[in-house]
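K.L.:
Residue numbers (my numbering): 33 to 195. Pasting a structure below so you can have a look.
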(Lines of atoms letter the chains of each structure in order from A and count residues from 1; the text may use other names and numbers.)
(Lines give C-alpha, C1' and ligand atoms only; values in the text may rest on other atoms or scores of the structure.)
Protein backbone atom coordinates (compact mmCIF):
# COMPACT_ATOMS: atom_id res chain seq x y z
CA UNK A 1 0.00 0.00 0.00
CA UNK A 2 1.41 3.39 -0.96
CA UNK A 3 2.11 6.20 1.46
CA UNK A 4 -0.67 8.25 -0.14
CA UNK A 5 -3.16 5.39 0.37
CA UNK A 6 -2.16 5.14 4.04
CA UNK A 7 -2.66 8.86 4.50
CA UNK A 8 -6.04 8.67 2.77
CA UNK A 9 -7.11 5.77 5.02
CA UNK A 10 -5.98 7.64 8.13
CA UNK A 11 -7.93 10.71 7.04
CA UNK A 12 -11.06 8.62 6.45
CA UNK A 13 -10.62 6.95 9.85
CA UNK A 14 -10.37 10.35 11.60
CA UNK A 15 -13.49 11.54 9.77
CA UNK A 16 -15.39 8.38 10.86
CA UNK A 17 -14.28 8.93 14.47
CA UNK A 18 -15.43 12.58 14.36
CA UNK A 19 -18.82 11.56 12.94
CA UNK A 20 -19.22 8.82 15.57
CA UNK A 21 -18.35 11.27 18.35
CA UNK A 22 -20.85 13.78 16.98
CA UNK A 23 -23.61 11.14 16.81
CA UNK A 24 -22.89 9.99 20.38
CA UNK A 25 -22.98 13.56 21.64
CA UNK A 26 -26.26 14.25 19.85
CA UNK A 27 -27.82 11.09 21.33
CA UNK A 28 -26.70 12.13 24.82
CA UNK A 29 -28.02 15.67 24.38
CA UNK A 30 -31.32 14.46 22.86
CA UNK A 31 -31.92 12.41 26.01
CA UNK A 32 -31.47 15.49 28.21
CA UNK A 33 -32.75 18.42 26.10
CA UNK A 34 -35.31 19.23 23.44
CA UNK A 35 -33.73 19.60 20.01
CA UNK A 36 -35.31 23.02 19.52
CA UNK A 37 -32.89 24.61 21.97
CA UNK A 38 -29.61 23.23 20.66
CA UNK A 39 -27.30 23.79 17.73
CA UNK A 40 -24.53 21.63 16.32
CA UNK A 41 -22.36 23.30 13.73
CA UNK A 42 -21.74 26.90 12.78
CA UNK A 43 -24.10 29.66 13.87
CA UNK A 44 -25.77 32.03 11.45
CA UNK A 45 -22.55 34.07 11.38
CA UNK A 46 -20.46 30.96 10.64
CA UNK A 47 -18.87 30.76 14.11
CA UNK A 48 -18.27 27.22 15.41
CA UNK A 49 -18.48 27.00 19.19
CA UNK A 50 -15.87 24.23 19.21
CA UNK A 51 -13.36 26.67 17.71
CA UNK A 52 -14.45 29.41 20.12
CA UNK A 53 -14.08 27.09 23.13
CA UNK A 54 -10.63 25.94 21.98
CA UNK A 55 -9.51 29.57 21.61
CA UNK A 56 -11.09 30.40 24.98
CA UNK A 57 -9.02 27.77 26.85
CA UNK A 58 -5.85 28.17 24.75
CA UNK A 59 -3.73 29.88 27.47
CA UNK A 60 -4.46 26.99 29.83
CA UNK A 61 -3.96 24.19 27.30
CA UNK A 62 -0.29 23.65 28.14
CA UNK A 63 -1.31 22.49 31.62
CA UNK A 64 -3.64 19.82 30.22
CA UNK A 65 -1.28 17.16 28.92
CA UNK A 66 -3.75 14.27 28.93
CA UNK A 67 -7.21 13.86 27.48
CA UNK A 68 -8.66 13.66 30.99
CA UNK A 69 -6.91 16.89 32.05
CA UNK A 70 -8.07 18.67 28.89
CA UNK A 71 -11.62 17.42 29.50
CA UNK A 72 -11.51 18.84 33.05
CA UNK A 73 -10.23 22.15 31.66
CA UNK A 74 -13.08 22.26 29.14
CA UNK A 75 -15.59 21.47 31.91
CA UNK A 76 -14.38 24.37 34.07
CA UNK A 77 -14.24 26.66 31.02
CA UNK A 78 -17.80 25.72 30.06
CA UNK A 79 -19.00 26.58 33.57
CA UNK A 80 -17.21 29.94 33.41
CA UNK A 81 -18.52 30.67 29.90
CA UNK A 82 -22.13 29.94 30.81
CA UNK A 83 -21.86 31.80 34.14
CA UNK A 84 -20.71 34.91 32.31
CA UNK A 85 -23.98 34.87 30.35
CA UNK A 86 -26.21 34.73 33.43
CA UNK A 87 -27.72 37.75 35.17
CA UNK A 88 -25.35 39.05 37.83
CA UNK A 89 -27.80 38.27 40.65
CA UNK A 90 -28.03 34.59 39.66
CA UNK A 91 -26.14 32.49 42.24
CA UNK A 92 -24.59 30.41 39.45
CA UNK A 93 -22.90 33.56 38.09
CA UNK A 94 -20.77 33.60 41.26
CA UNK A 95 -17.47 31.69 40.84
CA UNK A 96 -17.54 30.58 44.49
CA UNK A 97 -20.93 28.96 43.96
CA UNK A 98 -19.80 27.32 40.72
CA UNK A 99 -16.86 25.66 42.46
CA UNK A 100 -19.29 23.73 44.65
CA UNK A 101 -20.68 22.01 41.54
CA UNK A 102 -17.26 20.66 40.54
CA UNK A 103 -15.68 17.34 41.49
CA UNK A 104 -13.46 17.64 44.58
CA UNK A 105 -10.26 17.01 42.59
CA UNK A 106 -10.64 20.25 40.58
CA UNK A 107 -11.88 22.64 43.27
CA UNK A 108 -8.41 23.81 44.39
CA UNK A 109 -7.79 26.88 42.27
CA UNK A 110 -11.02 26.61 40.30
CA UNK A 111 -12.65 29.79 41.68
CA UNK A 112 -9.71 31.97 40.58
CA UNK A 113 -9.55 30.20 37.23
CA UNK A 114 -13.30 30.68 36.72
CA UNK A 115 -12.94 34.40 37.49
CA UNK A 116 -10.08 34.67 34.98
CA UNK A 117 -12.05 32.78 32.35
CA UNK A 118 -15.15 34.93 32.90
CA UNK A 119 -13.01 38.05 32.36
CA UNK A 120 -11.47 36.45 29.26
CA UNK A 121 -14.92 35.65 27.88
CA UNK A 122 -16.09 39.24 28.27
CA UNK A 123 -12.85 40.65 26.81
CA UNK A 124 -12.52 38.34 23.80
CA UNK A 125 -16.08 37.22 23.07
CA UNK A 126 -18.47 39.93 24.36
CA UNK A 127 -20.88 39.50 21.43
CA UNK A 128 -20.99 35.70 21.65
CA UNK A 129 -24.17 34.90 23.62
CA UNK A 130 -24.54 31.16 22.96
CA UNK A 131 -24.57 28.94 26.04
CA UNK A 132 -22.66 25.68 25.87
CA UNK A 133 -24.97 22.76 26.56
CA UNK A 134 -22.49 19.89 26.24
CA UNK A 135 -19.30 18.86 24.52
CA UNK A 136 -17.44 15.72 23.52
CA UNK A 137 -13.71 15.24 23.30
CA UNK A 138 -12.79 12.33 21.02
CA UNK A 139 -9.33 10.80 20.61
CA UNK A 140 -8.22 10.69 17.00
CA UNK A 141 -4.85 9.06 17.51
CA UNK A 142 -2.99 12.19 16.44
CA UNK A 143 -4.87 14.46 18.83
CA UNK A 144 -8.35 15.26 20.03
CA UNK A 145 -11.48 16.42 18.27
CA UNK A 146 -13.84 18.73 20.14
CA UNK A 147 -17.56 18.80 19.33
CA UNK A 148 -19.77 21.37 21.07
CA UNK A 149 -23.54 21.64 21.33
CA UNK A 150 -24.84 25.11 22.17
CA UNK A 151 -27.99 27.18 22.30
CA UNK A 152 -29.06 29.17 19.26
CA UNK A 153 -27.36 32.49 18.60
CA UNK A 154 -29.11 34.67 21.17
CA UNK A 155 -29.38 34.11 24.90
CA UNK A 156 -31.96 36.54 26.30
CA UNK A 157 -29.79 38.08 29.03
CA UNK A 158 -27.95 41.36 29.28
CA UNK A 159 -24.15 41.19 29.40
CA UNK A 160 -22.65 41.29 32.87
CA UNK A 161 -19.77 43.39 34.04
CA UNK A 162 -16.77 41.18 34.86
CA UNK A 163 -16.71 39.71 38.41
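Note that beta-carbon positions come from the ideal geometry of N, C-alpha and C, so glycine has one too.
#1: CA-CA distance, residue 139 and residue 119?
#2: Terminal residues of the continuous beta strand (DSSP E) containing residue 182?
#3: Provide the residue span of the alpha helix (DSSP H) that contains residue 156, from first to last.
#4: For residue 190, does the count of other Cβ atoms within 10 angstroms reach 16, so buried, or fall short, so exposed?
#5: Go ahead and pull the three-state DSSP assignment for residue 171.
#6: Under the rule that 16 or more other beta-carbon atoms within 10 Å means buried, what is residue 44, buried or exposed?
#7: In three-state DSSP terms, what is residue 137?
#8: Looking at the unbroken alpha helix (DSSP H) that takes in residue 107, where does it start and where does it end?
#9: Could you tell me which residues DSSP puts in a beta bridge with residue 77?
P.N.:
Short version:
#1: Approximately 23 Å, taken between the alpha carbons.
#2: It spans 176-182 - the beta strand (DSSP E) in which residue 182 sits, taken as one unbroken run.
#3: Per DSSP, the continuous alpha helix (DSSP H) segment holding residue 156 begins and ends at 142-156.
#4: Note that residue 190 has pLDDT 45, beneath the 50 cutoff, so the model's placement of it is unreliable and the number below is only indicative. Of the residues assessed, residue 190 falls on the exposed side of the cut-off, its CB having fewer than 16 other CB atoms within 10 angstroms.
#5: DSSP, read as helix, strand or coil, puts residue 171 in strand.
#6: Residue 44 sits exposed, since fewer than 16 C-beta atoms from the chains shown fall within 10 Å of its C-beta.
#7: Helix, per DSSP.
#8: Run containing residue 107: 99-117, per the alpha helix (DSSP H) assignment.
#9: The partner list for residue 77 (beta bridge, DSSP) is empty, contrary to what the question assumes.
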